[in-house]
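Enquirer:
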Amino acid sequence: MTTQTTVEYQDCKGNQVHEDELYERLLIIVKSQRTVPGALIPVLQTAQNLFGYLPEKALRMVSKELKLPYSEVAGVVGFYSYFSTTPKGKHTIRVCLGTACYVRGGQEVLKAMTKELGISVGDTTSDRKFSLEVGRCFGACGLAPVVMVGDETFQRVSPSKVSDILNSFD
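Using full-length UniProt numbering, you'd call the opening residue of the sequence shown number 1 and step up by one each time.
1. Could you tell me the alpha carbon to alpha carbon distance between V95 and G139, rounded to whole angstroms?
2. Under the three-state reduction of DSSP, which class applies to V95: helix, strand or coil?
3. Is the separation between the beta-carbon of residue 172 and that of I29 shorter than 8 Å?
4. Write down the C-beta distance between residue 172 and V149 rounded to the nearest angstrom, noting that I regard them as a contact closer than 8 Å.
5. Could you check whether T124 and T86 sit closer than 8 Å to each other, using their CB atoms as the reference points?
6. Which same chain residues, not among the five before or five after L143, have their C-beta less than 7 Å away from its C-beta?
7. What alpha helix (DSSP H) runs, 4 residues minimum, are completely inside the segment 6-56?
8. When the Cβ atoms of the segment 156-167 are set against those of the segment 104-118, are three or more pairs found closer than 8 Å?
9. How would you call P145, buried or exposed, if buried means at least 16 neighbouring beta carbons within 10 angstroms?
10. Using a threshold of 8 Å, state whether the C-beta atoms of E65 and K31 are closer than that.
11. How is L166 classed by DSSP in three states: helix, strand or coil?
12. Return the residue from the list F130, V103 and G98 that minimises the CA-CA distance to R136.
13. If you scan the segment 76-128 from start to end, which runs of the alpha helix (DSSP H) of 4 or more residues do you find wholly inside it?
14. So what does DSSP say about L59, is it helix, strand or coil?
15. Checking 8 Å against the spacing of the C-beta atoms, do F83 and L54 come in under that value?
16. Is L117 closer than 8 Å to M61 when the C-beta atoms are compared?
17. Kindly indicate which residue of E72, G89 and Y102 has the alpha-carbon position closest to the one of G52.
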């Protein structure tokens with residue numbers, strides 16, 4: 001009898017999917033790509049799309065099934081900034097620290113975000129609701145400081161507005 005793990009993910013349609021099912025999907029994909037030259041990066045992209053990041057177990061599966069050394073697979077993941085080995089939140093927050101935003105208080109906004117979320121830059125909240133990143137310029141310098149949450153842009157953000165911004169997301 002197979003037991004399901006308690007980890008659940010959402011597929012592209014918002015349906016709950018058990019982690020074991022994602023590994024089964026990944027295995028089918030990897031096996032179908034075994035003989036395709038240059039399959040590693042597309043397989044890793046697919047795995048990241050399935051899980052939202054690249055768990056070590058997935059990397060080991062890819063390594064085994066493509067008959068590549070684990071160090072090669074991990075090296076590719078480490079080299080490309082697109083790939084992430086840490087879970088990402090449902091909402092990615094990017095605080096601009098470009099020159100205009102920095103001068104107009106972007107660093108204070110970032111400090112308020114880290115305090116409110118209880119995480120550092122590059123981390124994800126334990127409930128996987130938010131991930132926090134720094135950006136360098138969002139092209140809205142006249143409206144600095146700027147924060148983006150997903151595709152939504154917040155302008156002239158002050159530390160006192162951080163809580164309201166975060167509370168506006170489910």
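Each residue gets a CB set at the ideal place from its N, CA and C atoms; glycine is no exception.
Expert: Quick look at the numbers:
1. Spanning the two alpha carbons is a distance of roughly 13 Å.
2. The answer is strand: DSSP assigns V95 an E or B state.
3. Only positions 1 to 170 of the chain appear in the structure, and residue 172 is not among them; the question remains open.
4. Here the chain comprises residues numbered 1 to 170, so residue 172 is not present and cannot be evaluated.
5. Annotated as proximal: T86 and T124, with beta-carbon spacing under 8 Å.
6. Counting only Cβ-Cβ distances below 7 Å, and skipping sequence neighbours, we find Q155 and R156.
7. For the segment 6-56, whole alpha helix (DSSP H) runs of length 4 or above, ordered along the chain, are 19-32 and 40-51.
8. In the pairwise beta carbon analysis, the segment 156-167 is classified as touching the segment 104-118: at least three pairs are separated by under 8 Å.
9. Buried, since its Cβ has 16 or more Cβ neighbours within 10 Å.
10. Yes, the pair counts as a contact, with Cβ atoms nearer than the cut-off.
11. The answer is helix: DSSP assigns L166 an H, G or I state.
12. Distance check between R136 and each of F130, V103 and G98 places G98 closest, using alpha-carbon atoms only.
13. Counting only runs of 4 or more, we get 99-103 and 106-117.
14. Reduced to three states, the DSSP call for L59 is helix.
15. The Cβ atoms of F83 and L54 lie closer than 8 Å to each other.
16. M61 places its beta carbon 8 Å or farther from that of L117.
17. The residue from E72, G89 and Y102 with its alpha-carbon nearest to that of G52 is G89.
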